[in-house]
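Below: one structure, written as structure tokens.
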């Protein structure tokens with residue numbers, strides 16, 4: 004019986020950013036994702052959806068809350084909503 008000594012090809016895995024994957028911003032300076040320049044709609048830690056308004060501030064879906072990006076980012080973990 005003969006044993007093959009041929010080496011097996013190695014598999015290379017390259018991780019690339021996925022454009023259809025939502026961005027995440029962790030509260031404070033913990034995260035590494037830069038602040039967005041496109042003002043995306045986001046969902047916070049309490050599952051409230053925030054959308055950008057014409058006044059440059061974010062508004063909760065029910066219209067009762069208003070905050071700047073800096074205020075949201077300093078208080079909540081945020082996930083981009085598609």
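Numbering (our numbering), first residue to last: 4 to 85. Just so it is clear, CB atoms sit at the ideal spot from N, CA and C, and this is done for glycine as well.
Between the CA atoms of residue j and residue i - distance to the nearest angstrom
{"i": "residue 71", "j": "residue 23", "result": "25 Å"}
{"i": "residue 75", "j": "residue 28", "result": "10 Å"}
{"i": "residue 83", "j": "residue 44", "result": "6 Å"}
{"i": "residue 60", "j": "residue 73", "result": "10 Å"}
Closer than 8 Å: residue i CB and nearest the ligand ADP heavy atom
{"i": "residue 75", "result": "Judged by which ligands are present, the structure shown has none, so any question about the ligand ADP falls away."}
When the options are compared against residue i, the one with the closest alpha-carbon
{"i": "residue 30", "options": "42, 62, 48 and 59", "result": "48"}
{"i": "residue 37", "options": "26, 44 and 53", "result": "26"}
{"i": "residue 65", "options": "52, 56, 58 and 85", "result": "52"}
For residue i: DSSP bridge partner residues
{"i": "residue 70", "result": "61"}
{"i": "residue 81", "result": "28"}
{"i": "residue 55", "result": "61"}
Per-residue DSSP class, three states only, for residue i
{"i": "residue 50", "result": "coil"}
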